[in-house]
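Our numbering applies: residue 781 is where the sequence shown begins, and numbers increase by one.
Below: the structure, in structure tokens.
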Amino acid sequence: MEYEKGRIFLLRVPEGEELVEYIKKFAEKKGIKMAVISAIGSLKRAKLGYFNIGWGRYEVFTATGIHELIAATGNISLKDGKPFPHIHALLGEHDGSTVGGHLIEGDVFVAEVYIEELKGEPLERVPHGNLALWKAEDLSN
Ligand code: ZN
781 MEYEKGRIFL LRVPEGEELV EYIKKFAEKK GIKMAVISAI GSLKRAKLGY
831 FNIGWGRYEV FTATGIHELI AATGNISLKD GKPFPHIHAL LGEHDGSTVG
881 GHLIEGDVFV AEVYIEELKG EPLERVPHGN LALWKAEDLS N
């Protein structure tokens with residue numbers, strides 16, 4: 781799919797908010813259907829997922845305590861007609877080591893978020909096993 785750049789937002793998420801839900805609500809409020817996202821900051825707790833292909837579902841683990849949000853990257857598309865953020869996060873420990881994965885929830889201490897809206901036909905997520913994926917790009921025609 782091809783898109784044009786739409787509105788660009790920079791926002792600071794208030795302390796105590798849950799990052800994924802906050803971005804979802806922000807997108808709903810602003811009418812954002814497609815976007816690319818990046819964020820940095822610090823999280824107080826994060827629930828992360830690792831999709832285990834053998835199990836066909838996520839292994840979920842929690843990073844407790846303050847972690848640097850070194851990098852979060854992702855997108856917004858539609859799921860059931862509503863904006864759905866898909867975000868991956870790399871978190872830093874106090875000794876510089878890192879953990880990361882599919883961001884299920886993140887409790888914000890500080891988060892500086894960049895959202896770049898994409899204008900064009902929105903992609904809708906459709907069920908694919910236990911995942912909700914975009915229709916794969918078809919290069920055959
Ligand atoms: Zn993911």
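Each residue gets a CB set at the ideal place from its N, CA and C atoms; glycine is no exception.
Only a predicted model underlies this, so the values are computations on that prediction, with no experimental measurement involved.
Leaving aside the five residues before and after residue i along the sequence, list all residues of the same chain whose C-beta is less than 7 Å from its C-beta, in chain order.
i: HIS866; result: GLY854 and ASN855
i: VAL793; result: LEU799, TYR802, VAL888, ALA891 and VAL893
I'd like to know whether the C-beta atoms of residue i and residue j end up nearer to each other than 7 Å.
i: GLU897; j: ILE812; result: yes
i: ILE895; j: ALA815; result: yes
i: PRO863; j: LYS785; result: no
Using a 10 Å radius around the Cβ and a threshold of 16 neighbouring Cβ atoms, would you call residue i buried or exposed?
i: SER920; result: exposed
i: HIS908; result: exposed
i: LEU823; result: buried
i: LEU911; result: exposed
i: LEU913; result: exposed
Is residue i helix, strand or coil when you go by DSSP?
i: LEU790; result: strand
i: ILE833; result: coil
i: LYS827; result: strand
i: LEU883; result: strand
Considering Cα atoms alone, identify which of the options is closest to residue i.
i: ALA734; options: ARG787, ILE817 and LYS785; result: Since the first and last residues shown for the chain are 781 and 921, residue 734 lies out of range.
i: SER857; options: ARG905, GLY836, THR842 and GLY872; result: ARG905
i: VAL879; options: LYS915, PHE889, LYS805 and LEU828; result: LEU828
i: GLY876; options: ARG787, PRO902 and HIS847; result: HIS847
i: HIS882; options: LEU913, PHE789, LYS810 and PHE831; result: PHE831
If I measure Cβ to Cβ from residue i and keep anything under 6 Å in the same chain, skipping five residues before and after, which residues do I get?
i: ALA852; result: ALA819, ILE867 and ALA869
Which residues in the same chain as residue i place their Cβ atom closer than 8 Å to its Cβ, once the five residues preceding and following it in sequence are excluded?
i: THR844; result: ARG825
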